[in-house]
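Asks: My structure is below; once you've seen it, I'll send some questions.
There are 2 protein chains.
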Amino acid sequence: MIEGLRGAGLKLTPQRLAIVEAFADDPTHPTAQEIFERLRRRLPTMSFATVYTTLDTLAAAGLCAVRALSPGPARFDPNVAPHGHAVCDSCGALIDLPGRAARATAAPPAGFVVRAVETIYRGACARCRAR
Amino acid sequence: MIEGLRGAGLKLTPQRLAIVEAFADDPTHPTAQEIFERLRRRLPTMSFATVYTTLDTLAAAGLCAVRALSPGPARFDPNVAPHGHAVCDSCGALIDLPGRAARATAAPPAGFVVRAVETIYRGACARCRAR
DNA sequence: TTCTCTAATAAGAATCTTTCCTACTTGCAA
DNA sequence: TTGCAAGTAGGAAAGATTCTTATTAGAGAA
Numbered sequence: 005m006i007e008g009l010r011g012a013g014l015k016l017t018p019q020r021l022a023i024v025e026a027f028a029d030d031p032t033h034p035t036a037q038e039i040f041e042r043l044r045r046r047l048p049t050m051s052f053a054t055v056y057t058t059l060d061t062l063a064a065a066g067l068c069a070v071r072a073l074s075p076g077p078a079r080f081d082p083n084v085a086p087h088g089h090a091v092c093d094s095c096g097a098l099i100d101l102p103g104r105a106a107r108a109t110a111a112p113p114a115g116f117v118v119r120a121v122e123t124i125y126r127g128a129c130a131r132c133r134a135r
Numbered sequence: 005m006i007e008g009l010r011g012a013g014l015k016l017t018p019q020r021l022a023i024v025e026a027f028a029d030d031p032t033h034p035t036a037q038e039i040f041e042r043l044r045r046r047l048p049t050m051s052f053a054t055v056y057t058t059l060d061t062l063a064a065a066g067l068c069a070v071r072a073l074s075p076g077p078a079r080f081d082p083n084v085a086p087h088g089h090a091v092c093d094s095c096g097a098l099i100d101l102p103g104r105a106a107r108a109t110a111a112p113p114a115g116f117v118v119r120a121v122e123t124i125y126r127g128a129c130a131r132c133r134a135r
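Structure representation (structure tokens):
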């Protein structure tokens with residue numbers, strides 16, 4: 005993702021490097037709040053707005069994806085390859101589905117140009133079922 | 005949906021009837037704000053909070069669905085049958101896909117109990133492409 | 001029909017999420 | 001090293017949703 009920043013003509017700042025490092029290998033799809041809290045220890049002057057703008061910048065450069073699949077805060081996904089998600093109805097957890105999770109069988113609405121097809125499984129995650 | 009209210013043991017109030025009437029046959033998936041504005045004319049004393057609580061009540065009773073598939077306000081769907089959606093990247097518009105839009109081909113994550121499978125087409129709606 | 005109980009509503013405050021604004025700072029090309 | 005455009009901090013603002021509390025009113029009981 006760091007090479008991606010450079011390739012997109014974006015400056016490598018300590019804040020950006022820290023944010024990238026904080027979630028580039030994280031499969032849990034953290035929220036901006038969660039990322040911010042991870043960073044406070046190392047960069048106590050970091051502003052919450054910087055987390056948002058940086059994540060938006062990464063998303064605009066195609067280096068991460070914003071996932072808004074359930075009510076509540078958006079979640080950020082370092083995996084920009086097309087893939088589906090399982091979404092927990094009660095806690096909102098987002099879990100990756102491997103590969104192409106479904107084969108589309110319906111025609112899109114008239115005039116709609118499809119950029120990507122996603123599959124979502126809705127239900128209860130293991131942790132919520134345990135309670 | 006009105007019979008559904010009665011069947012769920014919920015009181016039939018003018019506010020609830022108006023809200024149901026305002027979007028029961030609406031395929032455009034309005035936001036709470038949009039529903040509120042439609043109702044202001046007829047019920048000028050209606051509170052915005054009432055729109056939210058009523059829609060939540062309907063959703064809890066299984067009489068409508070809350071769709072949060074893109075950033076921005078949640079959209080409300082009178083169609084609770086399983087179906088997919090086309091989501092416009094630029095305006096957030098939600099368009100129903102007919103029938104079962106896809107066949108799931110991936111196993112869910114370990115411990116995850118699937119309640120429903122949804123397909124989402126992401127792209128550009130006709131109106132946004134025209135501009 | 002009237003009464004009564006309980007659920008529902010209005011109105012605004014509070015909370016949460018996200019974006020905006022502005023002055024200050026800094027990465028990096030020259 | 002310097003200069004400037006891009007980036008950041010911090011707080012304010014905007015937008016979305018939920019909560020609080022006093023009041024109102026549906027609907028079953030009498």
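Protein chains in written order, with my numbering: chain A, 5 to 135; chain B, 5 to 135.
Note that the Cβ used here is the ideal one computed from N, Cα and C, for glycine as well.
None of the values given here were measured: they were computed from a predicted structure.
Just the Cα atoms here: how many angstroms apart are Pro86/B and Pro102/B?
Replies: In a straight line, the C-alpha of Pro86/B is about 10 Å away from that of Pro102/B.
Asks: Taking 8 Å as the threshold (beta carbon to beta carbon), is Ala36/B in contact with chain A?
Replies: no
Asks: Buried or exposed: which applies to Gly13/A, given that a residue is buried once 16 or more other Cβ atoms fall within 10 Å of its Cβ?
Replies: Gly13/A counts as exposed, since fewer than 16 other beta carbons sit within 10 angstroms of its beta carbon.
Asks: For the pair the region 47 to 66 of chain B and the region 24 to 37 of chain B, tell me if three or more CB-CB distances fall below 8 Å.
Replies: yes
Asks: Which residue or residues does DSSP assign as beta-bridge partners of Tyr56/B?
Replies: In the DSSP output, where bridge partners are listed per residue, Tyr56/B has none listed.
Asks: Can you tell me the Cα-Cα spacing of Ala65/A and Pro75/A, whole angstroms?
Replies: 25 Å
Asks: Just how far apart, CA to CA, sit Val91/B and Ala22/A?
Replies: 32 Å
Asks: Hey, does Gly66/B have any beta-carbon neighbour from chain A nearer than 8 Å?
Replies: no
Asks: Buried or exposed for Ala120/B, please, with buried defined as at least 16 other CB atoms from any protein chain shown within 10 angstroms of its CB.
Replies: exposed
Asks: Does Val55/A have its Cβ less than 8 Å from a Cβ in chain B?
Replies: no
Asks: CB Cys129/A to CB Gly88/B, shorter than 8 Å?
Replies: no
Asks: In this structure, does DSSP put Arg20/B in helix, strand or coil?
Replies: Annotated three-state conformation of Arg20/B is helix, per DSSP.
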